[in-house]
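Okay, so the sequence shown: first residue is 0 according to numbering that gives the first Met the number 0, each after it adds one.
Beneath this line is the structure, given in structure tokens, with notes to follow.
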Amino acid sequence: MRLDLSQREKKMLTLLGKDPDISYEAMKKATGYRWESSISKKKKNLETLGYIRGPYYHINLHAVGKNELFDIYALVSFPPSKHDLVFRMIKAIRCWKWIFPAIQGDRFFIYFQANYYSQISRLLGLLQKAGVIEYEFFSSQNRWIVQNPDFFGDDLLRYDSLFLNGSLPSLDYPLTSRLTWRQLDIRMMAYLQVRSLDATFIQSFEKQNFEYSWKKDQIKYSIRKLVNNGIAERKHYNISPYPRHECFSFLLLITTNEKFATERAMKNFGSGCRIYKAYTLAGTTGIMLSWTSPRNIPPFLAALEERDDIWVRAYQLKTHTTPYMVKQSFETENFDLEHQRWTFPYQEYEQTLMEYLETHQV
Numbered sequence: 000m001r002l003d004l005s006q007r008e009k010k011m012l013t014l015l016g017k018d019p020d021i022s023y024e025a026m027k028k029a030t031g032y033r034w035e036s037s038i039s040k041k042k043k044n045l046e047t048l049g050y051i052r053g054p055y056y057h058i059n060l061h062a063v064g065k066n067e068l069f070d071i072y073a074l075v076s077f078p079p080s081k082h083d084l085v086f087r088m089i090k091a092i093r094c095w096k097w098i099f100p101a102i103q104g105d106r107f108f109i110y111f112q113a114n115y116y117s118q119i120s121r122l123l124g125l126l127q128k129a130g131v132i133e134y135e136f137f138s139s140q141n142r143w144i145v146q147n148p149d150f151f152g153d154d155l156l157r158y159d160s161l162f163l164n165g166s167l168p169s170l171d172y173p174l175t176s177r178l179t180w181r182q183l184d185i186r187m188m189a190y191l192q193v194r195s196l197d198a199t200f201i202q203s204f205e206k207q208n209f210e211y212s213w214k215k216d217q218i219k220y221s222i223r224k225l226v227n228n229g230i231a232e233r234k235h236y237n238i239s240p241y242p243r244h245e246c247f248s249f250l251l252l253i254t255t256n257e258k259f260a261t262e263r264a265m266k267n268f269g270s271g272c273r274i275y276k277a278y279t280l281a282g283t284t285g286i287m288l289s290w291t292s293p294r295n296i297p298p299f300l301a302a303l304e305e306r307d308d309i310w311v312r313a314y315q316l317k318t319h320t321t322p323y324m325v326k327q328s329f330e331t332e333n334f335d336l337e338h339q340r341w342t343f344p345y346q347e348y349e350q351t352l353m354e355y356l357e358t359h360q361v
């Protein structure tokens with residue numbers, strides 16, 4: 000592990016985590032760097048070390064199309080001997096967005112996005128009926144809230160201010176106008192879900208891999224359209240508190256006596272500490288993904304075990320270098336441009352799952 004960051008590096012990361020569009024002048028004044036080139040070089044170095052990714056946008060696909068779209072979360076458990084098989088079968092349900100593996104090798108946390116959550120439950124139910132998995136299931140249409148680290152905060156997490164009063168960020172997506180979306184618009188949404196904005200890369204990649212000859216002005220216009228109409232929203236960097244491969248990464252499932260208390264606990268969890276967290280609410284269950292110092296592993300959540308006002312289940316996740324931690328955007332073919340509706344080939348997913356089950360004699 001490298002020596003910790005300098006004070007100026009900590010300041011730069013904390014500021015970028017709060018404002019991805021901070022000006023060079025403001026950054027120079029806050030950090031003491033004299034030249035824009037020094038800031039650019041330092042930022043690039045911190046990206047290489049694994050502290051900075053992005054900038055990204057949150058993409059509000061719920062406002063795209065005439066039918067509803069749901070965020071679907073599943074905690075899937077299985078015998079460790081079936082780890083690789085389950086991983087391949089989950090990927091065969093191709094509307095997954097993230098797959099996070101637990102360090103014990105016996106469960107995955109999966110984020111799907113589809114127009115019928117009951118169909119995803121049905122497909123997972125086929126695997127459960129075959130004795131391959133057990134699963135818990137949550138659905139939501141709420142935003143994810145991202146909170147980047149305070150690099151001047153404590154390494155060790157605190158739990159004494161979970162229910163501290165204060166304003167809560169809205170988990171609701173804002174109302175937006177229903178527009179007609181073109182093929183280029185849908186393809187730009189897919190890129191912005193998983194990549195930082197780079198019109199040159201997008202133009203080249205589209206030409207080489209899909210034979211689309213978009214002009215840069217077309218790409219930039221489409222992206223402005225997404226931003227101006229609230230589809231691409233809340234531009235942000237993902238700032239890691241330590242190099243990603245050194246972090247203690249974990250998933251929390253949180254419940255309390257009432258919804259707003261759960262939201263408050265998630266907002267205040269690790270407040271003022273050197274922690275990255277992203278959280279949302281699915282029904283009455285809070286879902287949080289976090290990265291922090293490995294110094295937190297021995298005492299992790301011990302302070303909450305005796306409390307009767309919050310119930311937390313924690314799962315340590317594998318490091319970011321594992322091939323089983325994967326992320327993808329949506330398949331653009333799942334949006335019917337003519338009818339402006341989301342459609343998903345659930346029968347294809349099912350057929351592939353059944354072939355896996357037959358091949359492996361499960």
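Quick reminder that beta carbons are idealized off the backbone N, C-alpha and C, glycines included.
Please read all numbers here as calculations on a predicted model, not as lab measurements.
Nearest to P148 by alpha carbon, out of R273, H235, I92 and Q360? One-based indexing of the sequence shown puts residue 148 at position 149. When only C-alpha atoms are compared, the closest one is R273.
If you follow the beta strand (DSSP E) that A313 is in, where does it begin and where does it stop? Taking the sequence shown and counting its residues from 1, one reaches residue 313 at position 314. Judged by DSSP secondary structure, A313 falls within the beta strand (DSSP E) whose first and last residues are I309 to Q315.
Simplified DSSP assignment, three categories, for L300: Sequence index remark: in the sequence shown, residue 300 carries index 301 (1-based). Looking at L300 - three-state DSSP - the assignment turns out to be coil, as it is neither helix nor strand.
Under the rule that 16 or more other beta-carbon atoms within 10 Å means buried, what is F162, buried or exposed? Start at 1 with the first residue of the sequence shown, and residue 162 comes out as number 163. Under this definition F162 is an exposed residue.
Classify N256: buried if its beta carbon has 16 or more other beta carbons within 10 angstroms, exposed otherwise. Counting from 1 along the sequence shown, the entry for residue 256 is found at position 257. The Cβ neighbour count for N256, taken over all protein chains shown within 10 Å, is under 16; the residue is labelled exposed.
Are the beta-carbon atoms belonging to N59 and Y211 less than 7 Å from one another? By 1-based counting over the sequence shown, the position of residue 59 is 60. By 1-based counting over the sequence shown, the position of residue 211 is 212. Between N59 and Y211, the gap from beta carbon to beta carbon reaches 7 Å or more.
For the segment 19-100, which segments carrying the beta strand (DSSP E) assignment without a break, of at least 3 residues, lie completely within its bounds, in sequence order? At a cut-off of 3 residues, the continuous stretches assigned as beta strand (DSSP E) that sit fully inside the segment 19-100 are 51-58, 69-76 and 95-100.
Own chain residues within Cβ distance below 6 Å of L48, not counting five before or after: As a position in the sequence shown, residue 48 is number 49, starting the count at 1. Sequence-distant partners of L48 (beyond 5 residues in either direction) whose C-beta falls short of 6 Å from its own C-beta, in its chain, are P242.
So, with DSSP's three-state summary, where would you put L161? The residue you call residue 161 lines up with position 162 of the sequence shown. It is coil, neither helix nor strand.
K266 vs L167 beta-carbon contact at 7 Å: Position 267 of the sequence shown, counted from the start, is the residue given in the question as residue 266. Position 168 of the sequence shown, counted from the start, is the residue given in the question as residue 167. In this structure, K266 sits near L167, with a CB-CB distance shorter than 7 Å.
Measure the alpha-carbon distance for Y72 versus H82 and round it to whole angstroms. In the sequence shown, residue 72 corresponds to position 73, counting from 1. In the sequence shown, residue 82 corresponds to position 83, counting from 1. Near 19 Å, if we compare the C-alpha coordinates of H82 and Y72.
Consult DSSP for A258 and reduce its assignment to one of helix, strand or coil. The count along the sequence shown starts at 1 and reaches residue 258 at position 259. A quick correction: the sequence has Lys, not Ala, at residue 258. Note: K258 maps to helix in three-state DSSP.
For S328, which option in E24, T279 and Y55 has the closest C-alpha, if you only look at C-alpha atoms? If you number the sequence shown from 1, residue 328 lands on position 329. That would be Y55, whose Cα lies nearest to the Cα of S328.
Residue span of the alpha helix (DSSP H) that contains S221, given as start and end: As a first step, residue 221 must be located in the sequence shown, where it is residue number 222. Boundaries of the alpha helix (DSSP H) harbouring S221: K215 to N227, taken from the DSSP string.
Note down the Cα distance separating L174 from R33, rounded to an integer number of angstroms. Taking the first residue of the sequence shown as position 1, residue 174 is located at position 175. Taking the first residue of the sequence shown as position 1, residue 33 is located at position 34. Spanning the two alpha carbons is a distance of roughly 43 Å.
Count Cβ pairs between the segment 83-102 and the segment 344-361 that sit closer than 8 Å; are there 3 or more? With the cut-off at 8 Å, the segment 83-102 and the segment 344-361 touch.
Ignore the nearest five residues each way along the sequence and tell me which others in I119's own chain have a CB closer than 6 Å to its CB. Here residue 119 is taken as the residue at index 120 of the sequence shown, counted from 1. The beta carbon of I119 lies closer than 6 Å to those of I71, F111 and A113 in the same chain, with the five residues before and after it left out.
Hey, could you find the ends of the alpha helix (DSSP H) T358 is sitting in? If you number the sequence shown from 1, residue 358 lands on position 359. For T358, the enclosing alpha helix (DSSP H) stretches over residues Y345 to T358.
With DSSP collapsed to three states, give me the class of G285. Taking the first residue of the sequence shown as position 1, residue 285 is located at position 286. Of the three classes helix, strand and coil, the one that applies to G285 here is strand, per DSSP.
Sequence-distant residues of its chain with Cβ nearer than 6 Å to D308 (five each side left out): The residue labelled residue 308 in the question sits at position 309 within the sequence shown. Closer than 6 Å at Cβ, skipping near neighbours: no residue.
Please report the straight-line C-alpha distance between S22 and G124, rounded to a whole angstrom. Position 23 of the sequence shown, counting from 1, holds the residue named residue 22. Position 125 of the sequence shown, counting from 1, holds the residue named residue 124. Cα atoms of S22 and G124: separation of roughly 51 Å, rounded to the nearest angstrom.
Measuring straight from C-alpha to C-alpha, what distance separates K65 and R306? Start at 1 with the first residue of the sequence shown, and residue 65 comes out as number 66. Start at 1 with the first residue of the sequence shown, and residue 306 comes out as number 307. The alpha-carbon atoms of K65 and R306 are separated by roughly 45 Å.
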